[in-house]
Amino acid sequence: MAMAPIDRMITTSDAALRVRDTGGDGLPIVLLHGSGSSIDVFHRQFADPILSHYRLVAIELPGHGLSSDAATPDKTYTLKGLAGVVTETLTSIGVSRAVFFGWSLGGHVTLQIAATTSIPVALLLSGTPPVSLGPLGLLRGFQPSFDILLTSKRHFSERDVTRFAQLCFGDAFDPKFLTTIARTDGRLRVNFLRSLMHGHGADQRRLVETSSMPIALVNGVLDPFVRLSYLETIPFANLWRDRSHLIPATGHAAFWHAPQLFNPLLNAFARDAELVLRAERLNLRRA
77 MAMAPIDRMI TTSDAALRVR DTGGDGLPIV LLHGSGSSID VFHRQFADPI
127 LSHYRLVAIE LPGHGLSSDA ATPDKTYTLK GLAGVVTETL TSIGVSRAVF
177 FGWSLGGHVT LQIAATTSIP VALLLSGTPP VSLGPLGLLR GFQPSFDILL
227 TSKRHFSERD VTRFAQLCFG DAFDPKFLTT IARTDGRLRV NFLRSLMHGH
277 GADQRRLVET SSMPIALVNG VLDPFVRLSY LETIPFANLW RDRSHLIPAT
327 GHAAFWHAPQ LFNPLLNAFA RDAELVLRAE RLNLRRA
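Residue numbers for the sequence shown follow my numbering, beginning at 77 and rising by one.
See the structure below:
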């Protein structure tokens, strides 16, 4: 049984990151948040008894929340850079296998980690289309709209902050989210999109088409960013239950809007993935 979560700061090679960790001997579920957010967005996962037998670990990305800004933003605020500091953090706290739940930006980071890590992993992606890097790949995976330009804008006005909160959480968002969005280092938005546009990372689509690791897709049916029809065109090598899961009447943050529907899916996926991860861990020890 997991303990009550504890927050601590982990110093990496380029930033100090806030980590919320329930500890315990259960399978680690690593939660990575989206752009402009923080680990506090996962409160409804940490508070749910259905997930209490796992070790929940939420990592606050550099430039967000109470984590520090990156010392070298041009390097760290990229696909490879963010994956690197998260992997460094997991090593320092002793995570040697994990189910990743990556939301939005966090999902893209988990895909990069999965492409480079040697530890057994399974991925649940929400608000994250696995894309081929470059302009064409991004156009295929995301909805074309004026609002999506906010994801790459360095300086947010007060109106931008409110609009970004509405896009991520709908009109009934927690007012605290405005402070979190306003705090975010805008250099991350610029540099991260640049790394996607210029292909500085793994081909995410190719990864999910060829890798045997378990992958689950859980999205809000009203997501304003993700082109849901695009997901149906990807021949996943190991898609959980052979389908994409849609949560009705929810948008980009389905896990926050409808935890009573999302959390049972996360629990079921982690339960199924644990068998695979345990076998892979044994194989690594024998090798």
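Quick reminder that beta carbons are idealized off the backbone N, C-alpha and C, glycines included. Keep in mind it's a predicted model, so treat the numbers as computed, not measured.
Could you please give the first and the last residue of the uninterrupted beta strand (DSSP E) stretch that includes residue 97?
-> As a working mapping, residue 97 is identified with position 21 in the sequence shown. In this chain, the beta strand (DSSP E) harbouring residue 97 covers 92-97.
Ranges of the beta strand (DSSP E) found wholly within the region 99-183, counting only runs of at least 3 = Annotation: the region 99-183 contains the following complete segments of the beta strand (DSSP E) (minimum length 3 residues), in chain order: 104-108, 131-135 and 174-179.
CB-CB under 6 Å to residue 292, same chain, minus the five flanking residues each way: which ones, in chain order?
-> Taking the sequence shown and counting its residues from 1, the one referred to as residue 292 is at position 216. Once the five neighbours on either side are set aside, the close Cβ partners of residue 292 are 200, 316 and 345.
Roughly how many angstroms lie between the CA atoms of residue 91 and residue 136, to the nearest whole one?
-> Position 15 of the sequence shown, counted from the start, is the residue given in the question as residue 91. Position 60 of the sequence shown, counted from the start, is the residue given in the question as residue 136. Spanning the two alpha carbons is a distance of roughly 11 Å.
Taking one C-beta from the region 270-282 and one from the region 149-161 each time, how about it: are there three or more such pairs within less than 8 Å?
-> Taking 8 Å as the limit for Cβ pairs, the verdict is that the region 149-161 does touch the region 270-282.
Would you call residue 231 buried or exposed, if buried means 16 or more other Cβ atoms sit within 10 Å of its Cβ?
-> Stepping through the sequence shown from its first residue, residue 231 is reached at position 155. Exposed.
Cβ-based burial, residue 203 [other Cβ within 10 Å; buried from 16] = Here the question's residue 203 lines up with position 127 in the sequence shown. That one is buried.
Measure the C-alpha to C-alpha separation of residue 255 and residue 129 and round it to an integer number of angstroms.
-> Residue numbering aside, residue 255 sits at position 179 when the sequence shown is read from its first letter. Residue numbering aside, residue 129 sits at position 53 when the sequence shown is read from its first letter. The C-alpha of residue 255 lies about 32 Å from the C-alpha of residue 129.
By the 10 Å Cβ neighbour count, where 16 or more other Cβ atoms means buried, how is residue 148 classified, buried or exposed?
-> Here residue 148 is taken as the residue at index 72 of the sequence shown, counted from 1. Exposed: under 16 other Cβ atoms inside 10 Å.
Leaving out the 5 sequence neighbours to the left and right, which residues in its chain are closer than 6 Å to residue 96 when beta-carbon positions are compared?
-> Indexing the sequence shown from 1 puts residue 96 at position 20. Apart from the 5 residues on each side of it in sequence, residue 96 sits with its Cβ closer than 6 Å to the Cβ of 81, 83, 115 and 134 in its chain, given in chain order.
C-alpha gap between residue 168 and residue 104, whole angstroms = Taking the sequence shown and counting its residues from 1, one reaches residue 168 at position 92. Taking the sequence shown and counting its residues from 1, one reaches residue 104 at position 28. So the two alpha carbons sit approximately 14 Å from each other.
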